[in-house]
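Take a look at the structure set out below.
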Amino acid sequence: MRKELVAASAEPLILCLLAQEESYGYAIIHEIKARSHGEIQWTDGMLYPVLHRLENNGWIKSCWVDTDSGRKRKYYAISRDGKKALEARRGEWMAVHRVLTSFGGAAHV
Amino acid sequence: MFDLESAMAQWRRELRAAGLAADVLSELEEHLREDIERQVSAGAAVPEAFAAALQRIGPPRALRDEFALVHMPGVRATLRRHMGKVAICVALGLLAAAVLNFRRPPIYESEINLVVPSATAPANSATQGGATQMAGGAMLKNFDYATAIALRIGPRRVLASEGGGESINAAAVVIARVLTVESAAGDGRIRVVARHSDPAMPPAVLREFLRVQEERRRISPDAVIFVRSSGLSLTIRFADTQPLHAPSSPQRVSDWARSSKTLGAMMGAGLAVGMVWVLAIWLTGLWGSPPLREALVLHGSKVLLCAATGLTLGLVIDLLRPALYQSEARLTVRQVIASSSEIVADAQLRDLVMERELALLRSPDFARQVAERAGPEIVLRRVGGGKEVEAAAAVIREGFSARVEPKSSAIALTYRHSDSTAVRPVLNAAISLYFEVRQALQASADQEPAAPKIPNIKVLQARASLPFAAPSSTYNRLLAIALAVGGALVGALWAFARRSVRPQFLA
């Protein structure tokens, strides 16, 4: 997948995932990889700036949680503003999707 | 022997050196450790797992740049965070206003009361009496007493406490501020008040006011005033206008209007300073972001070059422009219907008339006639010489300005020219020509009995002041600075456009 599309889709995908359940960086990367069947590959380090940007926007919240292994992990959860932002993004992506499919068949994309 | 902990510590040092925060480092380290753990449990050797994890997480520089972009501050967020600074600045403004008001010299006030009888309005009719007062008050402003008083007292003395100068217009503005004409409702009087920090000024201004008024009474003993709003037509007997008493001795008064103005100005200035402060904080934050910093560091020479070009251009313009001298005069326009001394006190009509007069004064034909009258060789003496009327007219048009003082029937004429000896003759020529043109227009209008909608006018009070150095050099310097700043901005844009395009969100 092209870099531009990967970058543009990162925010809505992360918001979608966090809307389902709280998660942390490593797990988010693997979940997206699994759901896209390996089609979406992020440079691991690049997820974190996006998470911080979302937190700056007030769309997600974070907290450090102790794990069984004795180390700490930073968990993220979606906020009310984040849900609104997600709905807006989802609407945009669905609109694009509708137009693309209206031409009949995803093969021509 | 590979030691994971020392390798991890080394990696942390690198990232810290790249400028990443401790919190971010901990999060990335946790990610790295989990990745390595999973690889090792899948059967990989630790050194290879570490190398692979490092590869996936990306190089320190790329991480730093991405995080710097995230933390690029927004204007609104910065403003919210630094609201306290703005509040402090406004509070300081408040304090400054208090100190200024405390230190300001006291204001002295003197007053006279005039009785302006109306011939047509019965004395017992309060409405008409009030209208007479209001119209009478407006008349006193229409006559532009301020200029006449300023001339009598002398611009130099008037402006002594206002920073000095010799400009009639500036002095008239001061007098207009010093003098207030109030028509107290119902008692048939017009109260004229003068306020000034110099106790000698208010009585002096009022004495001159009375003398000017006396002069005007001789010129026009009475006046018919149409008040369009109330549909009234009133005759005001200026001949019978009497001051009830001599100017009162100056009294010290508190000046709330000025105090509140200072308060507003100071708090506004405080707010502005606070906003600039926060904006500066925001800009420094922006400076910390790699794209802009890289652009400016790499292409800083472009910014300097553009700024220097702008500055040089401004300075050259400043040097090339010769020193200018200015002379000024005020025309006070009375609007007269037919040949009688009826005067119209109607703002709309007044503005219409003033526009017509301005059009006359600003016309190319007028400039040409002024050039002929003043003598082309005098006009052109220091600007290339010659005797061509058209060339002289062009020079005159460039330096000549006529504008109406807001809400008055006074026209401020100014003429600027690089030759100090030519300034006054040209302006005097313009004034005398204007008077002649007006008289001619008046005569032709009198011959045509079909009443024109716009009344004819008479012009009072005009004298060109002695030339003084025109305040244009400040303007030139500001222009140079503006050009330099503009150049720097253009350079910054140029630099930003030429910055290396860095891939975002590397995949």
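Residue numbers (the numbering used here), protein chains in the order written: chain A, 7 to 115; chain B, 5 to 511. Quick reminder that beta carbons are idealized off the backbone N, C-alpha and C, glycines included.
Answer yes or no: do residue 197 of chain B and residue 149 of chain B have a C-beta to C-beta separation smaller than 7 Å?
-> no
Just the C-alpha distance for residue 119 of chain B and residue 249 of chain B, rounded to the nearest angstrom, thanks.
-> 11 Å
At a Cβ threshold of 7 Å, is residue 76 of chain A touching chain E?
-> Given the protein chain composition of this structure (A and B), no chain E is represented.
Listed in chain order, which residues of the region 37-58 of chain A have Cβ atoms closer than 8 Å to some Cβ of chain B?
-> 47, 48, 49, 50, 51, 52, 54, 55, 56, 58
What is the rounded straight-line gap between the Cα of residue 71 of chain A and the Cα of residue 32 of chain B?
-> In a straight line, the C-alpha of residue 71 of chain A is about 15 Å away from that of residue 32 of chain B.
For residue 362 of chain B versus residue 420 of chain B, is the C-beta distance shorter than 7 Å?
-> No; because the gap between Cβ atoms is not below 7 Å, this pair is not in contact.
Assuming residue 183 of chain B contacts residue 175 of chain B under a Cβ cut-off of 8 Å, what Cβ separation, rounded to an integer in Å, is found between them?
-> Their Cβ separation, rounded to whole angstroms, is 12 Å, which puts residue 183 of chain B and residue 175 of chain B out of contact at 8 Å.
From this set, B/359, B/208, B/395, B/170, which residue's C-alpha is nearest residue 376 of chain B's C-alpha?
-> B/395
Segment contact flag, the region 305-316 of chain B with the region 489-501 of chain B, C-beta cutoff 8 Å, min 3 pairs = yes
Bridge partners - residue 419 of chain B, DSSP secondary structure assignment = B/331, B/404
Anything in chain A within Cβ reach of residue 8 of chain B, meaning under 9 Å, just list it in chain order.
-> Simply none; closest approach about 14 Å.
Any C-beta of chain B under 7 Å from that of residue 115 of chain A = Note that residue 115 of chain A scores a pLDDT of 45, beneath 50, so its modelled location is shaky and nothing firm can be said.
Using a Cβ-Cβ cut-off of 7 Å, state whether residue 80 of chain A counts as contacting chain B.
-> So yes, residue 80 of chain A belongs to the interface.
Residue closest to residue 270 of chain B, alpha-carbon to alpha-carbon, out of B/96, B/247, B/68 | B/96
Test item: CB-CB of residue 337 of chain B and residue 413 of chain B under 7 Å = yes
Residues sharing a beta bridge with residue 68 of chain A, DSSP | A/82
Check each residue of the region 26-37 of chain A: if its Cβ is closer than 7 Å to any Cβ of chain B, include it; give the result in chain order.
-> 31, 32
DSSP three-state call for residue 109 of chain A: helix, strand or coil?
-> coil
Looking at the structure shown, is residue 194 of chain B part of a helix, part of a strand, or coil, going by DSSP?
-> strand
What in chain A is Cβ-close to residue 322 of chain B, meaning under 8 Å?
-> Simply none; closest approach about 47 Å.
Excluding sequence positions up to five away, which residues of its chain have a Cβ less than 7 Å from the Cβ of residue 385 of chain B?
-> 423, 426
Residue 103 of chain A burial status per 10 Å Cβ neighbour count (16 or more: buried) = exposed
Strand pairing of residue 29 of chain A, partner residues [DSSP] = Looking at the DSSP output, residue 29 of chain A shares a beta bridge with A/82.
Determine, using beta carbons only, whether residue 82 of chain B and residue 285 of chain B come nearer to each other than 7 Å.
-> Yes, the pair counts as a contact, with Cβ atoms nearer than the cut-off.
Around the Cβ of residue 179 of chain B, are there at least 16 other Cβ atoms within 10 angstroms (buried) or fewer (exposed)?
-> buried
Over what stretch of residues does the beta strand (DSSP E) that includes residue 56 of chain A continue unbroken?
-> Following the DSSP letters along the chain, one finds residue 56 of chain A in no beta strand (DSSP E) but inside the alpha helix (DSSP H) bounded by residues 50-63.
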